[in-house]
Every structure is written in structure tokens, then in C-alpha cells.
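Protein chains in written order, with the numbering used here: chain A, 662 to 864; chain B, 662 to 864.
Even for Gly, the Cβ is constructed at its ideal location relative to N, Cα and C.
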DNA sequence: GTCTATATCTAGATAGAC
DNA sequence: GTCTATCTAGATATAGAC
């Protein structure tokens, strides 16, 4: 990798400022609800710069935004899974963190990938594919952790599907209900499900 | 109830044709991606009729569309839960049915409530509230079934959160991945989770 | 790479005849 | 209740100077 991504918008290059602003706006307003002019304005870039870096227009921007959301959640996932040997406990901590993030944003910042891809399946295949790749990567990270914790490969990949699906659904449910309860319950129940394979976590 | 809803668009009244068309389009394209003119055209109604029945404009239409999706999924949920005494087995059958519906629509028809509400949290509180009510109703239906199957009230309501969240997330994951696997795994794992409370289902 | 100006189109919404 | 015509504002995207 040649380009290192600065973590604050001020010192980031123009292209990166645009992608990050697009991701943040689409996370809150969805793909169709976000305008390129709004992105360029809030990113502190001109419309010409946006089309300079993204000649494919809005679809290319949406794809880049989904990929950024992919990377960010992959990192968060790894962070929590690496911090705790027991995958069940790590998932409980992760759901608590997701709930906290939602509440702190006044329930506005859900999953950026989900928010961006929903409602685009018809006319934006690049975005849909980028979202599919994100989900697959997250599943692979979870499955890897489960294997490391002693699960059989087949069980781990199978469980990873439900872990990711439940995290997504619970984040959505928490956002809609404006309540930590769905995510909190999801964390406990995923831990219980994992423990049912013979692990040591009791809930 | 005074008005009975006909189940085919041809014999339905204008107002109902509009709501059903709006729900179907927003299910596929999202709220922001669906235009009122497109709705009126595909519903076989004029723009004047749309604004006659929905003077609140697009937001009122979106709210009505979410309520329709609420009713439809409530009915589907009851249908599957009533057909089978064991809630775990009923959920496995339900996930299979959801997966079949997704595949048959070429992965276009996900949850109409989710598709409509995502990306509208900011500027359409009525839609967000209608979606929250839908999720709450579905949870109540699931919790009622679990109580009837012998679960303690607190466990039932707690589990219902995760059942609904996992169904939502798995339907989304299946749609994005264009694969039945996430829904199929969700059904099995929810059954296993329920069985872990001392039930009789083995998976 | 950045900027301004603009072309083209469609959105949501309204007015008023019938 | 239904229809057509229209208003205004915003969208995506492009052109071309700097």
C-alpha cells in the first residue's frame, strides 16, 4: 500500500475527503437521498473535483463509499475480536459498542454499507457487488476467529453467516426503535448460540 | 373493520392501488428512489388522485406503504406460527419461505418496511415511527407464540427481539449476496437458540 | 487539479377545469 | 374524484477557463 489514510478530514487529500463525506452522508440519507452537490459542498471540494476523481459519477462514488464502510467495519471487527480470546464475549462487547455509537449519533449512524446499498439493487450493480464483498469479508473475519477458538471450519463459516446477519439486523432494529435493546439482546443471544456448541460462556 | 382489502390490484379501489404500488416500488427502489409520478403511472391513477388521497404528499404515502408492509408481514408471521406448534420449526419454515420469495423475485423484493425506512430517518419522522411500530408488532407476535409454547414472558420478549432482528438481517444479507444461505442459516440457528432454552428441537 | 457556468432533466407539489 | 397543465427547485452531468 502506498497511500496512508489520515484519520481526520482536515489533513486528508481531496479525493479522500470526498469519499469520506460521501460515506457519511449516504450512511444517514441513503444513496438516492444524497446529492453530489451536497457531497462536494460538505467535503470542501468543488463539483469539478468530484468528477475529476470520480468520472463514473454517483455510482462510482457510491461504490467507493461502500468500500470505505467495508474497511472501517472490518477494522472494528478485528479490533474487538483481537481484544478478547472468547469470541462470544467479544461479540457482546461489540454490540455494546455499536449501540453506543448509535445513541451518540442520536440514532442516525447505522451501518454505512447497508444504508447505501438498500434501494440501489436495480440500477447500480457495482454498489451491490461491493456490499456483497463487504459482508463476505466480515463473515471471513468472524469465521477465522471461531476457527481459532476451536470451532470446526464448517460450523464456523455457518455461524459467521448468522453473526453478521444478526449484527446487521439488530443495528437496524436499534436504529429504528431508537433503543439499545435489540443490539444488547443480539449480543447475548449470539454468545449463547456460540456457547451451545460446547464453549464455556454462560449467559 | 369496514373496508375489506381485495387482494388483486385490478379490483382494488384507487386509494388501495396507490398504496400497494407505492409499497412495491419503495420495496425495490427505496423511499428516495421512488417518484410520485412513477407511483401514479404504475398504479393507473393520475397525479391529482394521488394528492387527493394523500394530501400530505410523499411522506404520507411512505407512511401508508410502511403500514401496509407491516400488515402483510404480520399476516405471514401469524400464518407460519399458527401452522406449527413448535416455534423453532415454524421459524425454519418461515426463513425458507422468505428465501424462496427473494429468489423468485430475482432478489429484488426484500423487506418492504426496511427498504422504505432506511435513509429516511432524518427528514421523515412519520415513516420512522411506522417502521418502529411494525417491528414492535412483529416482536409481539413472536413473543406470544413463545409464551404459548411454554417460555417465560421475559425470555420470550427478549428472544423475540433477536428473532426479528435476525430475520431482518438475514433477509438483507441474502438479498445482497443473492443466495439463500444467510436465511437458511438464520432459520437453523434461531431454532437452535430457542432449543437451548430446554425445548425439544434438535438441529 | 480546481473552479464557474450551464445544459438537460425530473422531482415534488399545486391550480383549476370537469 | 379525476384529469391536465404548470410552477419551482433540485438533480446529475458537462464544458472549458485557469
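With 16 other CB atoms within 10 Å as the buried threshold, where does residue i fall?
i	result
residue 674 of chain A	exposed
residue 786 of chain B	exposed
residue 830 of chain B	buried
residue 828 of chain A	buried
residue 663 of chain B	Any answer about residue 663 of chain B is weak, because its pLDDT of 48 lies below 50 and its placement is not dependable; what the coordinates show is given next. That one is exposed.
residue 716 of chain B	exposed
residue 800 of chain B	buried
residue 775 of chain B	buried
residue 863 of chain B	Only weak support exists for where residue 863 of chain B lies, its pLDDT of 38 falling under 50; the coordinates are left without a value.
residue 725 of chain A	buried
residue 832 of chain A	buried
residue 804 of chain A	buried
residue 834 of chain B	buried
residue 709 of chain A	exposed
residue 672 of chain A	exposed
Can the beta-carbon of residue i be found closer than 8 Å to that of residue j?
i	j	result
residue 795 of chain A	residue 808 of chain A	no
residue 848 of chain B	residue 780 of chain A	no
residue 735 of chain A	residue 802 of chain A	yes
residue 689 of chain A	residue 783 of chain B	yes
residue 836 of chain B	residue 771 of chain B	yes
residue 748 of chain B	residue 855 of chain B	yes
residue 823 of chain B	residue 846 of chain A	yes
residue 676 of chain B	residue 670 of chain B	no
residue 696 of chain A	residue 777 of chain A	no
Of the residues the options, which one's Cα is nearest the Cα of residue i?
i	options	result
residue 852 of chain B	B/758, B/805, B/752 and B/813	B/752
residue 742 of chain B	B/689, B/821, B/725 and B/778	B/821
residue 768 of chain B	B/759, B/774 and B/738	B/759
residue 686 of chain A	A/676, A/704 and A/669	A/704
residue 773 of chain B	B/732, B/857 and B/856	B/732
residue 712 of chain A	A/823, A/680 and A/727	A/680
residue 723 of chain A	A/797, A/790 and A/843	A/790
residue 858 of chain B	B/814, B/684, B/825 and B/699	B/814
residue 721 of chain A	A/750, A/707, A/745 and A/683	A/683
residue 792 of chain B	B/728, B/678, B/719 and B/677	B/728
residue 765 of chain B	B/672, B/841 and B/850	B/841
residue 810 of chain A	A/746, A/819, A/777 and A/740	A/746
residue 719 of chain B	B/737, B/702, B/730 and B/698	B/698
residue 798 of chain B	B/701, B/714 and B/730	B/730
residue 740 of chain A	A/850, A/672, A/806 and A/819	A/806
residue 844 of chain B	B/738, B/754 and B/737	B/754
residue 850 of chain B	B/750, B/701, B/702 and B/819	B/750
Q: Can you give me, in chain order, the residues of the stretch 786 to 806 of chain A that have a beta carbon less than 8 Å from any beta carbon in chain B?
A: For the stretch 786 to 806 of chain A, which is checked against every Cβ of chain B, the residues closer than 8 Å are 789, 792, 793, 796 and 797.
Q) Going along the stretch 692 to 726 of chain B in order, which residues come within less than 9 Å of chain A, judged by CB to CB distance? A) For the stretch 692 to 726 of chain B, residues whose beta-carbon sits nearer than 9 Å to a beta-carbon of chain A comprise 692, 693, 694 and 695.
Q) the stretch 680 to 692 of chain A: which residues have C-beta closer than 7 Å to a C-beta of chain B, in chain order? A) Answer in chain order: 689, 690 and 691.
Q.
Which residues of the stretch 734 to 759 of chain A have a Cβ closer than 7 Å to any Cβ of chain B? Give them in chain order.
A. Hits within the stretch: zero.
Q: Report the residues of the stretch 761 to 786 of chain A with a CB closer than 9 Å to any CB of chain B, ordered along the chain.
A: So the list reads 768, 769, 771, 774, 775, 776, 777, 778, 779, 780, 781, 782, 783 and 784, given in the order they occur along the chain.
Q. Taking any Cβ of chain A, which residues in the stretch 805 to 829 of chain B have a Cβ under 8 Å from it, in chain order?
A. Those residues of the stretch 805 to 829 of chain B that come within reach of chain A (Cβ to Cβ, closer than 8 Å) are 819, 820, 822, 823, 825, 826, 827, 828 and 829.
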